[in-house]
Amino acid sequence: MAQAAPTSGGMPRSGRTPDVFSTQMHARARVAIPVVTGLIYGYWAAANRRMGGPITGGNLLFGFLTALVFAVVLFGVLTIAPRLRRELHAVVWTAFMGVAFGFLYSQSGDSILRCVAMALAVAAVTFIVMFYRFYTHEDAAGHRIR
Numbered sequence: 839m840a841q842a843a844p845t846s847g848g849m850p851r852s853g854r855t856p857d858v859f860s861t862q863m864h865a866r867a868r869v870a871i872p873v874v875t876g877l878i879y880g881y882w883a884a885a886n887r888r889m890g891g892p893i894t895g896g897n898l899l900f901g902f903l904t905a906l907v908f909a910v911v912l913f914g915v916l917t918i919a920p921r922l923r924r925e926l927h928a929v930v931w932t933a934f935m936g937v938a939f940g941f942l943y944s945q946s947g948d949s950i951l952r953c954v955a956m957a958l959a960v961a962a963v964t965f966i967v968m969f970y971r972f973y974t975h976e977d978a979a980g981h982r983i984r
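In the working numbering, the protein residues as written are 839 to 984.
Set out below in structure tokens:
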């Protein structure tokens, strides 16, 4: 059965995919994503720390402070990391994910050696995935390949 060949009518001439959202929506998302992710992370850390016990004021304060620190660091990573070369870009995400996972895991009460081992395992996998992604999607200077 013969089928018609697709045309390039839907793709802009620049070769980039079209933006679905406006620049205002992108600006809002640039702030909203770290804030929402930080709130989820803070809740998760506070829940791990209380280990099924009652919610206390100290637990709420811990959760909100954890959320604030996580959101600020994530915002920094999202702002600074894309400007780096692909190797450093991957290392920044590796360090962020390793530390974030290690801290979250340490709130569960396991031994420090297990927490460090698990954080290093997550960091190693993150480095492999991020390096591969940036190596295949960026040039050596860190600019996206179009």
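Note that CB positions come from ideal geometry on N, CA and C, so glycine has one too.
On a predicted model such as this, the values are computed, not experimentally measured, just so you know.
- Taking C-beta atoms as the reference points, Ala957 and Gly936 count as a pair closer than 8 Å.
- Secondary structure note for Ser944: its alpha helix (DSSP H) is the uninterrupted segment Arg924 to Ser944.
- Counting along the chain, the unbroken alpha helix (DSSP H) around Val874 starts and ends at Thr861 to Arg888.
- Here Ala919 is near His927, since their CB atoms are less than 8 Å apart.
- An exposed status is given to Ala865, since fewer than 16 other beta-carbon atoms sit within 10 Å of its beta-carbon.
- The count of Cβ pairs closer than 8 Å, one atom from the region 906-914 and one from the region 866-873, reaches three, so the stretches are in contact.
- Under a 10 Å Cβ-count criterion, Pro892 is classified as exposed, with fewer than 16 other Cβ atoms of the shown protein chains found around its own Cβ.
- In this structure, Met889 and Gly947 form a Cβ contact; the two beta carbons are roughly 7 Å apart against a cut-off of 8 Å.
- Taking 8 Å as the upper bound for CB-CB distance, Phe900 and Ala884 are in contact here, some 5 Å apart.
- Where Ala919 is concerned, there is no enclosing alpha helix (DSSP H), because DSSP gives it neither an H nor an E.
- If you compare the alpha carbons of Arg924, Arg971, Ile950 and Ala933 with that of Ala961, the shortest gap goes to Ala933.
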